[in-house]
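S.K.: Mind looking over this structure? Questions follow.
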Amino acid sequence: MEGHITCVICPVGCKIAVRKEGIEYIIEGNRCKRGEEYARNELVMPRRILTTSVKVANGHLPLVSVKTSRPVDKAIIREKMNDIKKLVMEAPVYIGDIVLEDFDGEGTPLLATRSVEKADV
Amino acid sequence: MNKLKTDVLVIGGGAAGMACALSAAREGVRVTLLEREARIGGVLNQCIHNGFGLQFYQQELTGPEFASRLMEEMQVENVTVISESYVRDINVRTKTASVLSPKGAYEIQAKALVVSTGARERPFGSLLIPGDRPSGIMPAGVAQRYVNLENYLPSKRAIVLGSGDIGLIMARRLTLEGVEVVAVLERMPFPGGLTRNIVQCLDDFDIPLYLSTTVTGVRGNGRLESVEISRVDENFVPIAGSQKTIAVDALILSAGLLPQVEEFDEDLEIDAVNRGFVVSNTCESSVEGVFAAGNNVAVFDLVDYVAAEGWIAGRHAALFSLGKNTSGDRVPVFRGQNVGVLVPGIVDMEEHLRLYIRLRKPMERGTVVLRELAMEKKFTFGVPSEMIQMVVNKEKLLPLMDSGRLTVEVL
Numbered sequence: 014m015e016g017h018i019t020c021v022i023c024p025v026g027c028k029i030a031v032r033k034e035g036i037e038y039i040i041e042g043n044r045c046k047r048g049e050e051y052a053r054n055e056l057v058m059p060r061r062i063l064t065t066s067v068k069v070a071n072g073h074l075p076l077v078s079v080k081t082s083r084p085v086d087k088a089i090i091r092e093k094m095n096d097i098k099k100l101v102m103e104a105p106v107y108i109g110d111i112v113l114e115d116f117d118g119e120g121t122p123l124l125a126t127r128s129v130e131k132a133d134v
Numbered sequence: 161m162n163k164l165k166t167d168v169l170v171i172g173g174g175a176a177g178m179a180c181a182l183s184a185a186r187e188g189v190r191v192t193l194l195e196r197e198a199r200i201g202g203v204l205n206q207c208i209h210n211g212f213g214l215q216f217y218q219q220e221l222t223g224p225e226f227a228s229r230l231m232e233e234m235q236v237e238n239v240t241v242i243s244e245s246y247v248r249d250i251n252v253r254t255k256t257a258s259v260l261s262p263k264g265a266y267e268i269q270a271k272a273l274v275v276s277t278g279a280r281e282r283p284f285g286s287l288l289i290p291g292d293r294p295s296g297i298m299p300a301g302v303a304q305r306y307v308n309l310e311n312y313l314p315s316k317r318a319i320v321l322g323s324g325d326i327g328l329i330m331a332r333r334l335t336l337e338g339v340e341v342v343a344v345l346e347r348m349p350f351p352g353g354l355t356r357n358i359v360q361c362l363d364d365f366d367i368p369l370y371l372s373t374t375v376t377g378v379r380g381n382g383r384l385e386s387v388e389i390s391r392v393d394e395n396f397v398p399i400a401g402s403q404k405t406i407a408v409d410a411l412i413l414s415a416g417l418l419p420q421v422e423e424f425d426e427d428l429e430i431d432a433v434n435r436g437f438v439v440s441n442t443c444e445s446s447v448e449g450v451f452a453a454g455n456n457v458a459v460f461d462l463v464d465y466v467a468a469e470g471w472i473a474g475r476h477a478a479l480f481s482l483g484k485n486t487s488g489d490r491v492p493v494f495r496g497q498n499v500g501v502l503v504p505g506i507v508d509m510e511e512h513l514r515l516y517i518r519l520r521k522p523m524e525r526g527t528v529v530l531r532e533l534a535m536e537k538k539f540t541f542g543v544p545s546e547m548i549q550m551v552v553n554k555e556k557l558l559p560l561m562d563s564g565r566l567t568v569e570v571l
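Residue numbers (this note's numbering), protein chains in the order written: chain L, 14 to 134; chain G, 161 to 571.
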């Protein structure tokens with residue numbers, strides 16, 4: 014097995030060469046350590062950071078943007094979006110607040126990536 | 161009429177304007193920042209995806225997090241923000257502006273100006289696509305604003321025209337929110353966006369990308385009902401017989417960004433290729449004491465570049481307002497072969513040179529050559545969508561004094 018993987022960890026987008034020798038994966042062409050981890054995950058269990066938004070009640074905006082604190086199993090993302098749609102946060106929400114304690118069943122929290130103030134009544 | 165005196169007046173509170181206001185304030189001068197919207201942050205507020213900040217903050221952030229960092233740092237500095245404001249009239253030579261806002265009208269006298277007005281999306285009207293003019297046709301950034309800020313889903317089944325990064329990001333975003341994204345079309349034979357976005361936005365969600373394909377007609381009575389797509393030849397002429405009709409209720413356009421230079425284009429010099437203001441590496445425009453930074457100079461790939469340029473503009477604008485002459489000898493920069501977008505247009509010997517170069521075509525391998533400096537940088541897998549950045553310390557710029565020019569070419 015041999016091929017290239019484009020790393021999505023950062024905008025540099027390293028083109029990483031991967032091949033299998035016996036049971037070992039040989040990973041080359043990554044410019045940082047995170048690239049090696051990314052390439053290995055791509056071969057075993059691809060992971061992505063999910064960024065989306067969650068409804069806010071009584072806020073100056075109707076939504077707060079959120080992200081998973083670390084990359085999560087890509088395969089569960091679309092199904093979990095249905096759970097996220099049901100969430101409603103009460104304003105105020107502050108950047109870094111935990112929106113959901115355990116997003117993926119592995120203890121990865123969903124965090125607010127901005128603050129939403131209480132709306133002026 | 162409120163009369164206001166300030167040292168540095170910054171027009172536009174996006175990434176460039178915020179970084180600029182912050183760095184100017186840190187030089188100890190009074191800074192006034194004008195913002196069109198209710199809150200500063202610009203397009204970062206709606207770019208809820210991650211991938212920002214790796215260079216500027218050495219940390220991976222989402223757009224709102226990047227904006228929040230800048231806002232927090234600004235709060236402790238001497239920056240006056242006038243939100244929901246609009247520049248009615250400006251004189252770049254006397255550096256006076258008359259500004260309207262809900263708080264009233266202002267007559268602002270500044271010592272230095274920074275124009276950080278960003279870019280606008282290329283509108284549907286400029287694409288000259290025949291057919292009806294129904295609702296449901298919108299630029300990707302508008303769709304992004306609807307979905308990410310206003311909680312409004314503008315489509316059930318959409319097609320994206322243009323494979324720039326915003327189009328790719330929105331293809332994923334709409335898919336995650338339950339919209340069926342039929343395809344992304346690109347009239348060029350290669351994708352417009354970063355490879356990583358092709359991977360994580362399209363491949364991850366099995367969204368097809370059709371290259372050398374464009375929209376040749378739109379149909380709909382009131383609301384968009386279908387688009388006609390066609391393959392195009394190497395001259396972008398639609399190939400007869402290749403048309404297909406696809407039923408969609410939204411056409412999302414990612415046809416590129418245009419630097420927003422209106423109101424200033426009669427006073428400040430514009431670069432014909434970049435379509436933005438000509439600036440030096442001190443971010444000074446063709447008018448003394450007027451600086452420009454960010455996507456109104458050229459459309460940059462990364463917000464990190466935009467913020468870095470804003471930072472430099474802020475420092476030089478502050479020093480100028482203090483009467484400290486920060487500019488030295490200058491030479492013009494010329495494009496050699498294979499060079500498209502190129503920043504800056506002028507090298508000032510008093511500042512390090514940060515070059516941003518966009519290739520005219522994909523190149524598997526190549527070398528950027530700074531001819532008169534006898535410097536080069538090799539690269540592999542170069543594509544027009546990914547700028548090449550080169551930094552030259554000012555100590556190494558001396559040969560330009562003899563040559564009187566710098567030529568940037570890609571071989």
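Note that beta-carbon positions come from the ideal geometry of N, C-alpha and C, so glycine has one too.
Using the three-state DSSP reduction, which class does arginine 186 of chain G fall into: helix, strand or coil?
M.R.: Position 26 of the second sequence holds residue 186 of chain G. Helix at arginine 186 of chain G.
S.K.: Buried or exposed for threonine 254 of chain G, going by 16 or more other Cβ atoms inside 10 Å?
M.R.: The residue given as residue 254 of chain G occupies position 94 in the second sequence. Threonine 254 of chain G comes out exposed.
S.K.: What are the residues of the region 510 to 523 of chain G that lie near chain L, defined by any Cβ-Cβ distance shorter than 9 Å?
M.R.: So nothing in the stretch comes that close.
S.K.: In terms of alpha-carbon separation, which member of G/Glu340, G/Gly488, G/Val463, G/Glu444 lies closest to glycine 223 of chain G?
M.R.: Within the second sequence, numbered from 1, the residue matching residue 223 of chain G stands at position 63. Checked all of G/Glu340, G/Gly488, G/Val463, G/Glu444; the closest Cα to glycine 223 of chain G is G/Val463.
S.K.: What separation, rounded to the nearest whole angstrom, lies between the Cα atoms of arginine 333 of chain G and valine 112 of chain L?
M.R.: Counting from one through the second sequence, the residue named residue 333 of chain G turns up at place 173. Counting from one through the first sequence, the residue named residue 112 of chain L turns up at place 99. Their Cα atoms are separated by approximately 19 Å.
S.K.: Alpha carbon to alpha carbon, how far is threonine 355 of chain G from glycine 26 of chain L?
M.R.: For the purposes of this step, residue 355 of chain G is taken as the residue at position 195 of the second sequence. For the purposes of this step, residue 26 of chain L is taken as the residue at position 13 of the first sequence. When rounded, the distance between both Cα atoms is 7 Å.
S.K.: Counting Cβ pairs closer than 8 Å, one from the region 533 to 542 of chain G and one from the region 480 to 487 of chain G, do we hit at least three?
M.R.: With a cut-off of 8 Å, the region 480 to 487 of chain G and the region 533 to 542 of chain G do not count as touching, because too few Cβ pairs lie within range.
S.K.: Just to confirm before moving on: does the CB-CB distance between isoleucine 208 of chain G and threonine 64 of chain L stay below 7 Å?
M.R.: For the purposes of this step, residue 208 of chain G is identified with residue 48 of the second sequence, where counting begins at 1. For the purposes of this step, residue 64 of chain L is identified with residue 51 of the first sequence, where counting begins at 1. Yes; because the gap between Cβ atoms is below 7 Å, this pair is in contact.
S.K.: Extract the residue ranges of the alpha helix (DSSP H) inside the region 51 to 105 of chain L, only unbroken runs of 4 or more that lie entirely within it.
M.R.: Here the runs fully enclosed are 90 to 99.
S.K.: Does any heavy atom of the ligand FMN sit closer than 6 Å to the C-beta of proline 290 of chain G?
M.R.: Absent from the structure shown: the ligand FMN. Ligands present: none.
S.K.: Unbroken alpha helix (DSSP H) runs of length 4 or more, entirely within the region 323 to 386 of chain G: which are they?
M.R.: List check, alpha helix (DSSP H) in window: 325 to 336.
S.K.: Considering proline 224 of chain G, what are the terminal residues of the alpha helix (DSSP H) in which it resides?
M.R.: Indexing the second sequence from 1 puts residue 224 of chain G at position 64. Taken as a continuous stretch (DSSP letters only), the alpha helix (DSSP H) holding proline 224 of chain G covers 223 to 235.
S.K.: Within the 7 Å Cβ cut-off, does leucine 369 of chain G reach chain L?
M.R.: Here residue 369 of chain G refers to the residue found at position 209 of the second sequence. Judged by the 7 Å Cβ criterion, leucine 369 of chain G is not in contact with chain L.
S.K.: In whole angstroms, give me the CA-to-CA distance for alanine 125 of chain L and isoleucine 506 of chain G.
M.R.: Along the first sequence, one-based indexing puts residue 125 of chain L at 112. Along the second sequence, one-based indexing puts residue 506 of chain G at 346. Roughly 42 Å separates the two Cα atoms.
S.K.: When burial is assigned at 16 or more other CB atoms within 10 Å of the CB, is glycine 109 of chain L buried or exposed?
M.R.: What you label residue 109 of chain L is simply residue 96 of the first sequence in a count that begins at 1. It is exposed - the Cβ of glycine 109 of chain L has fewer than 16 other Cβ atoms within 10 Å.
S.K.: Report buried or exposed for aspartate 489 of chain G, applying the criterion of at least 16 other Cβ atoms within 10 angstroms of its Cβ.
M.R.: Walking along the second sequence from the start, residue 489 of chain G turns up at place 329. It is exposed - the Cβ of aspartate 489 of chain G has fewer than 16 other Cβ atoms within 10 Å.
S.K.: In angstroms, rounded to a whole number, what distance separates the CA positions of proline 398 of chain G and glutamate 388 of chain G?
M.R.: Reading the second sequence from its first residue, position 238 is the one you call residue 398 of chain G. Reading the second sequence from its first residue, position 228 is the one you call residue 388 of chain G. Between proline 398 of chain G and glutamate 388 of chain G, the C-alpha separation is close to 11 Å.
S.K.: Less than 7 Å between CB atoms is the rule here; does glutamate 244 of chain G satisfy it with respect to chain L?
M.R.: Mapped onto the second sequence, residue 244 of chain G falls at position 84. No, no contact with chain L.
S.K.: Classify phenylalanine 480 of chain G as helix, strand or coil using the three-state DSSP reduction.
M.R.: Stepping through the second sequence from its first residue, residue 480 of chain G is reached at position 320. It is helical.
S.K.: Check the Cβ of glycine 48 of chain L against every Cβ in chain G and list those closer than 9 Å, keeping chain order.
M.R.: As a first step, residue 48 of chain L must be located in the first sequence, where it is residue number 35. Within 9 Å Cβ-Cβ: nothing; glycine 48 of chain L doesn't reach chain G, min ~11 Å.
S.K.: Is it true that the CB of alanine 272 of chain G sits closer than 7 Å to the CB of threonine 166 of chain G?
M.R.: Here the question's residue 166 of chain G lines up with position 6 in the second sequence. Here the question's residue 272 of chain G lines up with position 112 in the second sequence. Their beta carbons are not under 7 Å apart, which means threonine 166 of chain G does not touch alanine 272 of chain G by this criterion.
S.K.: For chain G, is any of its Cβ atoms less than 7 Å away from the one on lysine 80 of chain L?
M.R.: For the purposes of this step, residue 80 of chain L is taken as the residue at position 67 of the first sequence. Yes, contact with chain G.
S.K.: Given a cut-off of 7 Å, decide if leucine 417 of chain G and glutamate 281 of chain G are closer than it, judged by their beta-carbon atoms.
M.R.: Here residue 281 of chain G refers to the residue found at position 121 when the second sequence is read from its first residue. Here residue 417 of chain G refers to the residue found at position 257 when the second sequence is read from its first residue. Contact: yes.
S.K.: Would you list the residues sitting across from valine 503 of chain G in a DSSP beta bridge?
M.R.: Reading the second sequence from its first residue, position 343 is the one you call residue 503 of chain G. According to DSSP, which records beta bridges pairwise, valine 503 of chain G is partnered with G/Tyr516.
S.K.: In chain G, what lies closer than 7 Å to methionine 94 of chain L by C-beta?
M.R.: To locate residue 94 of chain L, count along the first sequence from 1; it is residue 81. Those are Leu336, listed as they occur along chain G.
S.K.: Taking 8 Å as the cut-off, does the region 245 to 252 of chain G touch the region 412 to 430 of chain G (at least 3 CB pairs, one atom from each stretch)?
M.R.: Because the criterion of three Cβ pairs below 8 Å is met, the region 412 to 430 of chain G and the region 245 to 252 of chain G touch.
S.K.: List the endpoints of the continuous beta strand (DSSP E) containing proline 419 of chain G.
M.R.: Counting from one through the second sequence, the residue named residue 419 of chain G turns up at place 259. 417 to 419 is the span of the beta strand (DSSP E), which, as asked, contains proline 419 of chain G.
S.K.: Spatial neighbours of glutamate 15 of chain L within its chain, please: C-beta separation below 7 Å, excluding the five flanking residues on both sides.
M.R.: As a position in the first sequence, residue 15 of chain L is number 2, starting the count at 1. Closer than 7 Å at the Cβ level, and outside the excluded window around glutamate 15 of chain L, lie Arg32.
S.K.: Can you tell which of G/Ser487, G/Ser372, G/Met234, G/Ala410 has the C-alpha that lies nearest to the C-alpha of cysteine 443 of chain G?
M.R.: Locating residue 443 of chain G in the second sequence gives position 283, counting from the first residue. Selected option, being the one with the closest Cα: G/Ser487.
S.K.: Do the CB positions of glycine 353 of chain G and aspartate 325 of chain G come within less than 7 Å of each other?
M.R.: Taking the first residue of the second sequence as 1, we reach residue 353 of chain G at position 193. Taking the first residue of the second sequence as 1, we reach residue 325 of chain G at position 165. Yes, these two residues count as a Cβ contact at 7 Å.
S.K.: How many angstroms separate the CA atom of asparagine 238 of chain G from the CA atom of leucine 194 of chain G?
M.R.: Counting from one through the second sequence, the residue named residue 238 of chain G turns up at place 78. Counting from one through the second sequence, the residue named residue 194 of chain G turns up at place 34. When rounded, the distance between both Cα atoms is 14 Å.
S.K.: Measuring only the C-alpha atoms, how far is glycine 301 of chain G from arginine 91 of chain L?
M.R.: If you number the second sequence from 1, residue 301 of chain G lands on position 141. If you number the first sequence from 1, residue 91 of chain L lands on position 78. Approximately 23 Å, taken between the alpha carbons.
S.K.: Looking at the C-beta of glycine 42 of chain L, does it have a partner C-beta in chain G at a distance below 7 Å?
M.R.: Within the first sequence, numbered from 1, the residue matching residue 42 of chain L stands at position 29. By this cut-off, glycine 42 of chain L is not an interface position.
S.K.: Where DSSP assigns a beta bridge to serine 390 of chain G, which residues make up the other side?
M.R.: On the second sequence, residue 390 of chain G is found 230 positions in, with the first residue counted as 1. The partner list for serine 390 of chain G (beta bridge, DSSP) reads G/Thr374.
S.K.: Could you tell me which chain L residues have their CB closer than 8 Å to the CB of valine 236 of chain G, listed as they occur along the chain?
M.R.: The residue given as residue 236 of chain G occupies position 76 in the second sequence. Those do not exist, as valine 236 of chain G stays about 17 Å from chain L at its closest Cβ, beyond 8 Å.
S.K.: In whole angstroms, give me the CA-to-CA distance for arginine 190 of chain G and alanine 468 of chain G.
M.R.: In the second sequence, counting from the first residue as 1, residue 190 of chain G sits at position 30. In the second sequence, counting from the first residue as 1, residue 468 of chain G sits at position 308. Their Cα atoms are separated by approximately 20 Å.
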